[in-house]
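Student: Sharing a structure with you now.
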Amino acid sequence: GQQLNQSPQSMFIQEGEDVSMNCTSSSIFNTWLWYKQDPGEGPVLLIALYKAGELTSNGRLTAQFGITRKDSFLNISASIPSDVGIYFCAGQGLGNKLVFGAGTILRVKS
Amino acid sequence: EAGVAQSPRYKIIEKRQSVAFWCNPISGHATLYWYQQILGQGPKLLIQFQNNGVVDDSQLPKDRFSAERLKGVDSTLKIQPAKLEDSAVYLCASSLFNEQFFGPGTRLTVL
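Heads up: the sequence lines are chains A and B, in that order. Be aware that the first sequence starts at 2, since it is given in this note's numbering, and climbs by one per residue. Be aware that the second sequence starts at 731, since it is given in this note's numbering, and climbs by one per residue.
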């Protein structure tokens, strides 16, 4: 079935550093999404990507998906302690169906 | 605007018992989703409703899982009988257009 692979699985960075994480897919998606999940909560949408190759920003977050429509990245600039959490990429298929990756755990050292 | 509500937040049962989860979506959202999130994994769609009709239940283990949304608003997800591997967080989400809004989930532990 469809599968999204995220890397790295986890990262431990210093406050103020920039962060980059990636997602690759065995299938093509025309819409890519990045979510953040805090402990005990459901995922919250950070950025939605609708056009391949187009950089999209939301505050300190920047994301893009490639022209092959099989990969995406998320960058976080100047990380702060509240950035800790699990970041998921998701591909959106027919009927609004979402396929999620396994997540990247981000830990920030203040 | 109130978010997606789920209850209970936590549930511990023994294997072979039954359990039910409840979801109240955001008012006016026609589409409702149930996801299963096993520890260390991303959410996996179990079933999608459009109003009170099922759109996609291809990944729902129908021998033990069932879901309904009789009046097109609230929904319940039931597991009968539960297995150890059903231990997970069960997330409900709703959408009006494309964006899905998730509830806090119900954490199920099967002993």
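Note that CB positions come from ideal geometry on N, CA and C, so glycine has one too.
(1) I'd like the span of the beta strand (DSSP E) that includes Val-819(B), first residue to last.
(2) Cutting at 7 Å between CB atoms, please list the residues of its own chain near Ser-78(A), excluding the five before and the five after it.
(3) List the residues of chain A that Leu-775(B) touches, going by C-beta distances under 7 Å, in chain order.
(4) Taking just the CA atoms, how far does Gly-67(A) sit from Lys-52(A)?
(5) Give every residue of the same chain whose Cβ lies closer than 8 Å to the Cβ of Lys-741(B), excluding the five residues on either side of it in the sequence, and list them in chain order.
(6) Do you know offhand how far Ser-8(A)'s Cα is from Val-109(A)'s?
(7) Along the chain, where does the beta strand (DSSP E) that runs through Thr-836(B) open and close?
(8) Would you tell me roughly how many angstroms separate the C-alpha atoms of Arg-794(B) and Ile-14(A), rounded to the nearest one?
(9) Of the residues Ala-823(B), Ser-817(B), Val-819(B), Ala-812(B), which one's Cα is nearest the Cα of Val-803(B)?
(10) Hey, which unbroken runs of the beta strand (DSSP E) at 3 residues or more fall wholly within the segment 750–774 of chain B?
(11) Return the chain-ordered list of same chain residues with a C-beta closer than 7 Å to the C-beta of Asp-816(B), the five sequence neighbours on each side being excluded.
(12) Is DSSP giving Trp-43(A) helix, strand or coil here?
Tutor: On the basis of the supplied data:
(1) In the DSSP assignment, Val-819(B) falls within the unbroken beta strand (DSSP E) covering 818–825.
(2) So the list reads Asp-19, Arg-61, once near-sequence residues are dropped.
(3) Residues of chain A with a Cβ closer than 7 Å to the Cβ of Leu-775(B) are, in chain order, Lys-98, Leu-99.
(4) Lys-52(A) and Gly-67(A): Cα-Cα distance of roughly 9 Å.
(5) Setting aside the 5 residues that flank it on each side, Lys-741(B) is surrounded in the same chain by Val-749, Phe-751, Thr-836, Arg-837, Leu-838, Thr-839, each with a C-beta closer than 8 Å to its C-beta; the list follows chain order.
(6) Rounded to the nearest angstrom, the two C-alpha atoms are 17 Å apart.
(7) Where Thr-836(B) is concerned, the enclosing beta strand (DSSP E) stretches over 836–840.
(8) Roughly 43 Å separates the two Cα atoms.
(9) The closest CA to that of Val-803(B), considering only Ala-823(B), Ser-817(B), Val-819(B), Ala-812(B), is found on Ala-823(B).
(10) The qualifying runs are 761–767.
(11) Counting only residues of its own chain and dropping the five nearest sequence neighbours on each side, Asp-816(B) has a CB closer than 7 Å to the CB of Ile-809, Leu-838, Val-840.
(12) First, the residue type needs correcting, since residue 43(A) is Gly and not Trp in the sequence shown. In this structure, Gly-43(A) counts as coil in the three-state DSSP scheme.
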